[in-house]
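In my numbering, the protein residues as written are 30 to 360.
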Ligand code: NAD
Ligand code: TYD
């Protein structure tokens with residue numbers, strides 16, 4: 030199969046590309062703007078061809094999709110909630126105009142699309158789990174614009190019969206994740222003896238999904254999903270943020286709990302995410318393989334081993350972002 034993977038140089042996209050090349054023998058073309066979160070190094074060992082362009086560039090997108098592609102998988106997005114609060118602009122552009130450009134190219138060429146989305150489009154849930162029928166209630170500029178992208182993609186099935194499927198994953202973690210997100214940020218801070226900034230009371234709950242499981246769930250939908258359908262790829266483990274941070278402290282050599290610092294909460298902070306993957310299991314047979322205990326050990330081990338990967342990242346843009354986000358909170 031020849032796949033066009035938009036956003037394939039980011040965290041989940043690059044793990045998906047690695048799996049498809051190494052386990053399925055696919056030919057992969059990655060289409061990525063290489064924002065601060067996208068890196069060619071993430072594609073090491075995959076041999077994937079790379080087109081460096083924005084998904085919103087309609088001519089380049091149409092040309093890429095027209096080049097003998099069997100299916101498009103679209104990961105390209107701005108993905109950090111805190112950045113969406115600081116500067117929503119790129120979120121609106123990429124998720125609205127960018128997603129439009131991708132789905133429009135798929136409509137024109139007849140190439141099927143798998144749109145990658147998030148449980149955050151359903152909002153926050155105190156009890157029970159979201160299903161594919163839950164109403165959309167994005168609460169941050171990130172989740173609201175992702176929800177908009179999903180609805181546009183869905184409308185192409187209803188209106189034009191375009192072959193689209195949507196995958197909504199829960200919070201993912203694993204190798205190659207940019208260190209702005211909770212788990213890699215805490216691992217790197219713990220390793221460097223920096224404070225561990227926990228928002229609010231630390232009792233917000235996230236539903237954790239190891240990245241290789243998410244990638245396999247996406248393959249299951251690509252190969253076995255029905256056009257026009259949404260599939261939730263829910264993680265096997267729920268934990269409060271403070272439980273996650275304490276586990277990381279136990280696993281990182283030299284770290285201790287005195288580094289944990291409670292800081293001012295994120296505005297509009299969703300309390301709990303919980304996503305049911307029952308439909309994906311029932312209809313296609315996917316199940317998560319990696320429980321949190323195993324996944325977090327593998328993730329910490331990867332960051333301990335791959336200083337060469339993260340060290341060049343933590344200056345420049347990251348430093349400036351970190352100062353904006355945490356400077357006053359940690360002062
Ligand atoms: P990431 O931030 O690591 O990577 C995003 C990639 O998209 C980067 O390579 C970036 O360069 C590229 N990109 C951004 N804007 C672009 C544009 N306009 N044109 C072309 N490329 C562009 O993100 P991730 O964590 O790998 O997330 C990938 C997808 O999965 C996103 O759609 C996200 O909403 C979804 N998702 C993420 C999580 C999670 O926990 N990280 C969970 C569920 C769903
Ligand atoms: P994050 O990794 O940003 O993912 P999302 O907001 O998309 O779920 O955050 C996960 C949880 O961790 C969320 O409840 C916010 C919290 N958090 C902190 O407490 N401190 C931090 O420095 C970060 C980045 C997140």
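Think of the CB as a built atom: it goes at the ideal place given N, C-alpha and C, for glycine as much as any other residue.
| Item | Value |
| --- | --- |
| Between which two residues does the alpha helix (DSSP H) harbouring residue 211 extend? | 211-221 |
| Would you identify the three-state DSSP class for residue 185, choosing helix, strand or coil? | helix |
| For residue 299, does the three-state DSSP call read helix, strand or coil? | coil |
| Say the cut is 7 Å; is the CB of residue 226 nearer than that to a heavy atom of ligand 2? | yes |
| Below 8 Å between beta carbons: does that hold for residue 32 and residue 96? | no |
| For the pair the stretch 265-278 and the stretch 123-134, tell me if three or more CB-CB distances fall below 8 Å. | no |
| Which residue's Cα is closest to the Cα of residue 36: 58, 350 and 53? | 58 |
| What residue range is occupied by the uninterrupted alpha helix (DSSP H) comprising residue 261? | Not the alpha helix (DSSP H): residue 261 falls in the beta strand (DSSP E), residues 259-262. |
| Who are the Cβ neighbours of residue 292 in its own chain at under 8 Å, not counting the five residues just before and after it? | 226, 227, 228, 355, 358 and 359 |
| Nearest to residue 262 by alpha carbon, out of 253, 212 and 305? | 305 |
| For ligand 1, is there a heavy atom less than 7 Å away from the beta-carbon of residue 104? | yes |
| What's the C-alpha gap between residue 211 and residue 176? | 22 Å |
| Confirm the yes/no value for this check: CB of residue 62, any heavy atom of ligand 1, distance under 7 Å. | yes |
| Does ligand 2 have even one heavy atom less than 7 Å from the beta-carbon of residue 109? | yes |
| Keeping to the same chain, check which residues put their C-beta closer than 6 Å to that of residue 269; ignore five residues upstream and five downstream. | 232 and 234 |
| Using CA coordinates, which residue listed in 244, 321 and 284 is at the minimum distance from residue 103? | 244 |
| Is residue 166 near ligand 2 - that is, is its Cβ less than 7 Å away from at least one heavy atom of it? | no |
| What are the residues that DSSP puts in a beta bridge with residue 159? | 304 |
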